[in-house]
Amino acid sequence: MTMDLFTALKGYRNWLERNALAPNAQVLWFHILMVANEAFWPEHISIRNSVLMTRTNIQSEKTLQRNRDVLVNKGLIKYHSGGKRQAGIYELIPFPTVPTTEGGQLTN
142 MTMDLFTALK GYRNWLERNA LAPNAQVLWF HILMVANEAF WPEHISIRNS VLMTRTNIQS
202 EKTLQRNRDV LVNKGLIKYH SGGKRQAGIY ELIPFPTVPT TEGGQLTN
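Heads up, the final residue of the sequence shown is numbered 249 in the working numbering, and it's a clean run with no missing numbers.
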């Protein structure tokens, strides 16, 4: 994965300005991002539901799954179940370069 934390957060913030996302889904995406950052940006990240539930303070596995499905359906992540009692495999989808203006100049 060729991402870095600042670029990912900036892309996410820009995406949120144009797209609605429930608070639990926002927090879940952020913590998936942080795990990827801590692991030095592998393409695929293996994360147990219990780890994400602890980090996000999401109380039920069903709520975690529902919010994960939202992230998948919005195109923010890819997810593959690890099977019963196995960690799921996540892939963060990089945001497209969003043009911004700096000093009156349009930049990418």
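Cβ atoms here follow ideal geometry from the backbone N, Cα and C, with glycine treated the same way.
### Message
Classify Thr195: buried if its beta carbon has 16 or more other beta carbons within 10 angstroms, exposed otherwise.
### Response
Exposed: under 16 other Cβ atoms inside 10 Å.
### Message
Spatial neighbours of His221 within its chain, please: C-beta separation below 7 Å, excluding the five flanking residues on both sides.
### Response
Gly229, Ile230
### Query
Name the DSSP bridge partner or partners of Ile230?
Ser187, His221
### Task
From the DSSP output, in three-state form, read off Trp182 for me.
coil
### Alpha-carbon spacing of Asn160 relative to Lys225, whole angstroms
Rounded to whole angstroms, Asn160 to Lys225 spans 33 Å at the Cα level.
### Message
If I measure Cβ to Cβ from Tyr153 and keep anything under 6 Å in the same chain, skipping five residues before and after, which residues do I get?
### Response
none
### Gly216 - DSSP class collapsed to helix/strand/coil
DSSP places Gly216 in coil when its eight states are reduced to three.
### Message
On the CB-based measure, 16 or more other CB atoms within 10 Å of its CB, does Arg189 come out buried or exposed?
### Response
exposed
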